[in-house]
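K.L.:
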Amino acid sequence: MSSRDFDLILWGATGFAGRLVAEVLAEHPDLPLGRWAIAGRSQAKLDAVRDHLAGRVDTDRLPETVLADVDDPPSLQRMAERTRVIATTVGPYARMGSELVAACVAAGTDYADLTGETPWIRRMIDAHHDEATARGVRIVHCCGFDSIPSDLGTLALQQAAITRDGRPFPDVRLAVMKASGGFSGGTIASLLGVLDEARSDRSVRDLLADPHGLDPADARGTGRGRDAFRPIADDIIDGWAAPFLMAPINTRIVRRSNALLGHPWGADFRYREVMRFPPGAIGASGAWAYTLAFGAFMKALQGKTSRRLIERTLLPAPGEGPAPDRIENGHFHVRIIGTGPGRTPLHADVRGGRDPGYGATATMLAESALALHVTRGVAPDPPGDDGLTTRLTGGVLTPASALGNVLIDRLARTEVTVRT
């Protein structure tokens, strides 16, 4: 391992999301890296990103450049062999990520991405989990707004519950309290890809309908976990609960974390996610309006003409995205609430000070990659007072099961915080 050229390579740095991650890394106040690099298939575009960063940081903080091409698998293998960690923003991952995951497992290189594509994650689990576990390689999916707030927020909540009450909560829900900035073009593109797969493949439809579809085959949970499809009044969140677009992936990641860690929250652990609207008639009207708009949007994605319109209006051109002030002025707040019979509820809050789909996501992926680096080859701490060991050393993992409290602590020094 000592012969590796780089501690970290950021793959996809010439794209809009990748450039944001590169900025976070270059401007990091405590960057724990030696040499690091940005990678892509165009030297001219990589040089442009490096020049952009040179206007923001000192020369000694600038990354080097590496050429690789998703259509040239040997180049991906060579890239993986040169570094200890790869972070990638190149999606949709079902179309552009499989060869890189395979290269990282073969090279013994840790990996983090921003996917939210449930069918592709299932394929990566089936193809690589056993080998990655045996080789001590960590493949960590969903390291952005989907699904770090859900996964780490639930982990923090359950740790606090075990510390306070001696046992976890059997029922946990996440409520999106506030969000300004919306979803990224990559999220919409990935959603379109998943819908295409589901339309043509019954097994994909079955997987998407399975609340435990990402659980290990030999450790499936049993807790009921229906996704919300219509608004309901919910006293636990003190308001109206409506469907949340990212719940289908976030809930599966949280359940996989529980399963990978040995069901510390119970095999029958129940978890769901909703958008919160205020109590009363105004909140009900807002929840129903949102739900109807949500349903119309999902229906429109399935029509040829309406889908083309959505692709033209909601998907940015390559390398484009929101204006900087929109990213910086965005924010989000999600609350994870634990309940149980005879129990006093407890909650964890996850907040972000930038646009969730771009700015905060860039921070979360950067810190996930750095957490992989600083924990590489380091044995997990023994279980704490809560009895949990939350850092597995190999496999196709989740943010909570791979990085746990290390990542929570790293994020605490950024604009993204997880607090109970």
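Under my numbering, think of the first position of the sequence shown as 2, with each following residue one higher.
Where a beta carbon is used, it is the ideal one built from N, C-alpha and C, also for glycine.
(1) Could you give the distance in angstroms between the alpha-carbon of Thr-119 and the alpha-carbon of Arg-273?
(2) Is Asp-152 near Val-22, with beta carbons less than 7 Å apart?
(3) I need the straight-line Cα distance from Ala-113 to Ser-369, nearest angstrom please.
(4) Taking C-beta to C-beta, are Pro-217 and Ala-260 nearer than 7 Å?
(5) Can you give me the start and stop residues for the beta strand (DSSP E) that His-334 sits inside?
(6) Report buried or exposed for Ala-301, applying the criterion of at least 16 other Cβ atoms within 10 angstroms of its Cβ.
(7) Leaving out five residues on either side along the sequence, give the residues of the same chain with a beta carbon under 6 Å from the beta carbon of Pro-212.
(8) Sort Phe-17, Pro-30, Gly-331 by Cα distance to Lys-46 and report the nearest one.
(9) Using 10 angstroms around the beta-carbon of Pro-244, count the other beta-carbons present and answer buried if the total reaches 16, otherwise exposed.
(10) Could you check whether Val-379 and Pro-33 sit closer than 7 Å to each other, using their CB atoms as the reference points?
(11) May I ask which residues mark the beginning and end of the alpha helix (DSSP H) holding Val-91?
(12) So, for Ile-10: in the same chain, excluding its five sequence neighbours on each side, which residues have a beta-carbon less than 8 Å away from its beta-carbon?
(13) Cα separation between Leu-115 and Leu-262?
(14) Given a cut-off of 7 Å, decide if Pro-169 and Trp-266 are closer than it, judged by their beta-carbon atoms.
(15) Mapping the DSSP letters down to three states, classify Glu-28 as helix, strand or coil.
(16) Residues bridged to Val-86 by DSSP?
(17) Since His-374 is in the alpha helix (DSSP H), which residue starts that stretch and which ends it?
(18) Roughly how many whole angstroms lie between the Cα atoms of Asp-166 and Cys-144?
(19) Counting only the same chain and skipping the five closest in sequence on each side, list residues whose C-beta sits under 6 Å from that of Ser-181.
(20) If I measure Cβ to Cβ from Ala-69 and keep anything under 6 Å in the same chain, skipping five residues before and after, which residues do I get?
(21) DSSP beta-bridge partners for Arg-165?
(22) Suppose contacts are defined by Cβ-Cβ distances below 7 Å. Is Trp-241 in contact with Ala-199 by that definition?
(23) Beta carbon of Pro-317, beta carbon of Gly-187: below 7 Å?
(24) Using the C-alpha atoms, what's the distance from Val-177 back to Met-276?
(25) If we ignore side chains and look at the alpha-carbon of each, how far apart do Leu-246 and Phe-295 end up?
(26) Spatial neighbours of Thr-394 within its chain, please: CB distance less than 6 Å, with the 5 preceding and 5 following residues excluded, ordered by chain position.
P.N.:
For this structure:
(1) 16 Å
(2) Taking a C-beta distance under 7 Å as the contact criterion, Asp-152 and Val-22 do not qualify as a contact pair.
(3) Straight-line spacing of the CA atoms in Ala-113 and Ser-369 works out to 7 Å.
(4) yes
(5) Element bounds for His-334: 332-340.
(6) exposed
(7) Gly-226
(8) Phe-17
(9) buried
(10) no
(11) Element bounds for Val-91: n/a, residue is neither H nor E.
(12) Trp-37, Ala-38, Ile-39, Ala-40, Val-67, Met-80, Arg-83, Thr-84, Val-86, Ile-87, Ala-88
(13) 22 Å
(14) Yes.
(15) coil
(16) Leu-9, Asp-111
(17) Where His-374 is concerned, the enclosing alpha helix (DSSP H) stretches over 360-376.
(18) Straight across, the Cα-Cα distance linking Asp-166 with Cys-144 is about 30 Å.
(19) Gly-331, His-332
(20) Closer than 6 Å at Cβ, skipping near neighbours: Ala-40, Ser-76, Leu-77, Met-80.
(21) None; Arg-165 has no bridge partner.
(22) no
(23) no
(24) 5 Å
(25) 8 Å
(26) Gly-137
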